[in-house]
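Scroll down for the structure; my scribbles are underneath it.
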Amino acid sequence: MKRFLILVASALLLVQFSQALPHVKRESGVEESSAELQNAQEQLMISTFSEIGKLYKWMLEDGSVVVNNAVKELNEIPVKDDLLQANITRMSKIGTEISQFKLESDDKSVTKLLEYMVSFSTMMDDYEHMPNDSKLKITLKTALDNNGYNKFKNDFELRVLELFKNFDHAFAKYVTILTPEEKVKQSRFLQWHEAFTAETDNGKKLEKFDELFV
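According to mature numbering (1 follows the signal peptide of the UniProt record, and there is no 0), the residues represented by the sequence shown are -20 to -1, 1 to 194, in order.
Rendered as structure tokens:
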């Protein structure tokens, strides 16, 4: 799905998120307002990282179940051409690796999470872009649909909306501590959020959300 890949792009750019907010240097004698602003920036970043991380974790956990069950059904097909077998092998490898992954709090584990997000999302995007009338697409679609892929996509949409809701809540809390001067300095960031909030199409809204990390 294209929206999966948008989230992957966000994942690969998370490290740049702090650049979206003006930094306050840690110096002795820093003004109380500056310290409060820095703390608010950190809280917004932590909240955003946490929400996206939870969505990634859910996608891999539930997505691997759908894929692995679909693989079991596909393996029951008595005669498979090379293309179908190649796709089954790919699905099995990615689904198995993801299902065995346990997220820890260390950097290596987080990096692995992002790698699996790329593998899973690319695989599903390749599937979505297959010709709808091709024998391969029809065969894979039958197996995936039989094992909950449509529900998975619907649940994904709902969880993305929940992510937006929680981000808006955290953003609103952040804005309350900004002084008029800080609002001028961060006008680009505030204008971005206005455009993000005004967007009603969920797909375009997700693309807008991705702009936060660029």
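Even for Gly, the Cβ is constructed at its ideal location relative to N, Cα and C.
Treat the numbers as computed from the prediction; the structure is a model and nothing was measured.
Assignment of F81 by DSSP, reduced to helix, strand and coil, places it in the coil class. Three or more pairs of CB atoms, one per stretch, sit closer than 8 Å, so the region 116 to 134 contacts the region 61 to 77. With a contact defined as Cβ atoms closer than 8 Å, T28 and F147 qualify at about 6 Å. Secondary structure at Q166: coil, using DSSP grouped into helix, strand and coil. Cβ-Cβ separation between S44 and S79: approximately 4 Å, consistent with a contact (criterion under 8 Å).
M104 sits in a helix when the DSSP states are folded into three classes. Counting along the chain, the unbroken alpha helix (DSSP H) around E187 starts and ends at N182 to D190. Its Cα nearest to that of E41, the residue F81 stands out among L64, N67 and F81. Assigned with DSSP and collapsed to three states, K60 falls in coil, not helix or strand. Membership of N112 in any alpha helix (DSSP H) is not indicated, and neither H nor E is assigned to it by DSSP.
The C-beta separation of T76 from N55 comes to about 13 Å, leaving the pair out of contact by the 8 Å criterion.
For K188, the CB contacts under 7 Å within the same chain, skipping 5 residues up- and downstream, are A175, F176 and E179 in chain order. Taking 8 Å as the cut-off, the beta carbon of L124 is found closer than this to the beta carbon of A50.
For N130, the enclosing alpha helix (DSSP H) starts and ends at Y129 to V155.
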